[in-house]
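Undergrad: Right, I'll just put the structure down here and ask away after.
Numbering (full-length UniProt numbering), first residue to last: 1 to 360.
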């Protein structure tokens, strides 16, 4: 375990490695999160607000987030309560801010923060203080009134700057899950681990992960690993370091989120959906319901691969599909809007494979 650390490790640079050691039992218990984790997205987005590194990839979100925080009068609260708990000067922030129960949604995650033992909050804020200097009010988070203030600001921050982008977040992560499922079916769990991210290398039975601190080893000891693809995580993964917590690895998507400006211009132009209902594009949309490459779309529609790529571009610009790299190919999957369009036309919703390797 990461015995030298007792707070979250946020990867912000460096060439060192975290080596995660798997047994057969760990491989059987490793799984990809079923949905975006709202508290992990809140946490990593706070670093996107503060750090210049990677800002180009999030430029549209960054501009909108800053404007919305000003308009809603949240700038001061975020600056006072949230940013000091997520300082860019250190790769630590308290683990209690990203509880495991957040996998059940924002309400469940915030309730877990509310239920955190005061002794744990004091311990983790002291660690933050030793690392970079915690704000003087941090120990008071162990008291319920101060913690309620934190929860209120976290919820407001999510509603103002995360929720408006949630559909894009979901689409990108659903595409990542589809890619994981395909590699899992073709190469098993080890094949999936080998293709997760350029920041990771799978050398059985060890996953080597880019890490900011001294080389460290994490032995899963039969507990498995929860893999959390994250929209706002940039460049390298994030890991919990408290050995008592269930092991997780929050990792960046294959490619940084694309600037949404071009899509916004397309939406504002009112491009009619009827342009998407020609035969080839309709087939492309239906084929993408369960994840499809350009070659698979071309085969289904009876068109060339280059034509399939052009039709996929139209669907993507309309916000109906999202695309991600899968080895040398491009994998297209539906966005929530695309899925709703198919349902409105009487098509069944796409099957959502459970990318979980747990065996019982």
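The beta-carbon is built from N, C-alpha and C at its ideal position, and this holds for glycine as well.
List the endpoints of the continuous alpha helix (DSSP H) containing residue 71.
TA: Here residue 71 refers to the residue found at position 71 of the chain shown. Taken as a continuous stretch (DSSP letters only), the alpha helix (DSSP H) holding residue 71 covers 59-71.
Undergrad: If I follow the unbroken beta strand (DSSP E) through residue 251, where does it start and stop?
TA: Start at 1 with the first residue of the chain shown, and residue 251 comes out as number 251. 248-252 is the extent of the beta strand (DSSP E) around residue 251.
Undergrad: Could you tell me if residue 216 is buried or exposed, where buried requires 16 or more neighbouring beta carbons within 10 angstroms of its beta carbon?
TA: Taking the first residue of the chain shown as position 1, residue 216 is located at position 216. Classification of residue 216: buried, given that the 10 Å Cβ count is 16 or more.
Undergrad: Out of curiosity, what's the CA-to-CA distance linking residue 283 and residue 297?
TA: Reading the chain shown from its first residue, position 283 is the one you call residue 283. Reading the chain shown from its first residue, position 297 is the one you call residue 297. So the two alpha carbons sit approximately 7 Å from each other.
Undergrad: Are the region 319-333 and the region 166-183 in contact at 8 Å, needing three or more beta carbon pairs?
TA: At 8 Å Cβ cutoff, the stretches touch.
Undergrad: Bridge partners for residue 200 per DSSP, in chain order?
TA: Position 200 of the chain shown, counting from 1, holds the residue named residue 200. Its beta-bridge partners are 209.
Undergrad: Does the Cβ of residue 119 have 16 or more other Cβ atoms within 10 Å, making it buried, or fewer, making it exposed?
TA: As a first step, residue 119 must be located in the chain shown, where it is residue number 119. Exposed: under 16 other Cβ atoms inside 10 Å.
Undergrad: Would residue 21 and residue 218 qualify as a contact pair, given that the criterion is a beta-carbon distance under 8 Å?
TA: To locate residue 21, count along the chain shown from 1; it is residue 21. To locate residue 218, count along the chain shown from 1; it is residue 218. Yes, they are a contact pair.
Undergrad: According to DSSP, is residue 244 part of a helix, a strand, or is it coil?
TA: For the purposes of this step, residue 244 is taken as the residue at position 244 of the chain shown. The answer is coil: DSSP assigns residue 244 none of H, G, I, E or B.
Undergrad: Quick check on DSSP: helix, strand or coil for residue 53?
TA: Counted from its first residue, the chain shown places residue 53 at position 53. Note: residue 53 maps to coil in three-state DSSP.
Undergrad: For residue 93, does the three-state DSSP call read helix, strand or coil?
TA: In the chain shown, counting from the first residue as 1, residue 93 sits at position 93. DSSP places residue 93 in strand when its eight states are reduced to three.
Undergrad: In the DSSP assignment, find the alpha helix (DSSP H) that holds residue 150 and state where it starts and stops.
TA: Start at 1 with the first residue of the chain shown, and residue 150 comes out as number 150. Per DSSP, residue 150 belongs to the alpha helix (DSSP H) from 144-157.
Undergrad: Is residue 116 helix, strand or coil by DSSP?
TA: As a position in the chain shown, residue 116 is number 116, starting the count at 1. Reduced to three states, the DSSP call for residue 116 is coil.
Undergrad: Does the count of Cβ pairs from the region 133-141 and the region 73-93 closer than 8 Å reach three?
TA: These segments touch.
Undergrad: Does the distance from the CB of residue 94 to the CB of residue 39 come in under 8 Å?
TA: Counting from one through the chain shown, the residue named residue 94 turns up at place 94. Counting from one through the chain shown, the residue named residue 39 turns up at place 39. Result no, Cβ atoms of residue 94 and residue 39 do not sit closer than 8 Å.
Undergrad: Could you check whether the region 146-164 touches the region 65-73, counting it as contact only if at least three pairs of C-beta atoms, one from each stretch, sit closer than 8 Å?
TA: Judged by Cβ distances under 8 Å, the region 146-164 makes contact with the region 65-73, as three or more pairs qualify.
Undergrad: At a cut-off of 7 Å, would you count residue 72 as near the ligand HEM, judging by its Cβ distance to the nearest heavy atom?
TA: Summarising the ligand content, the structure contains no ligands, and the ligand HEM is consequently not present.
Undergrad: Using a Cβ distance threshold of 8 Å, determine whether the region 197-213 contacts the region 72-84, with at least three qualifying pairs required.
TA: Output reads no: the region 72-84 does not touch the region 197-213.
Undergrad: Would you call the CB atoms of residue 36 and residue 169 closer than 8 Å?
TA: Walking along the chain shown from the start, residue 36 turns up at place 36. Walking along the chain shown from the start, residue 169 turns up at place 169. Yes. Within cutoff.
Undergrad: Taking the alpha carbon of residue 294 as the reference point, which residue from 333, 210, 140 and 198 has its own alpha carbon closest?
TA: Here residue 294 refers to the residue found at position 294 of the chain shown. For residue 294, the nearest C-alpha among the options comes from 333.
Undergrad: What does DSSP give as the partner residues of residue 217 in its beta bridges?
TA: Position 217 of the chain shown, counted from the start, is the residue given in the question as residue 217. Beta-bridge pairing links residue 217 to 19.
Undergrad: Check for me: the alpha helix (DSSP H) holding residue 308 runs from which residue to which?
TA: As a first step, residue 308 must be located in the chain shown, where it is residue number 308. Residue 308 -> alpha helix (DSSP H) spans 305-317.
Undergrad: Does DSSP put residue 229 in a helix, a strand or coil?
TA: Here residue 229 is taken as the residue at index 229 of the chain shown, counted from 1. Correct three-state label for residue 229: strand.
Undergrad: DSSP on residue 28, reduced to helix/strand/coil?
TA: In the chain shown, the residue the question calls residue 28 occupies position 28. Helix.
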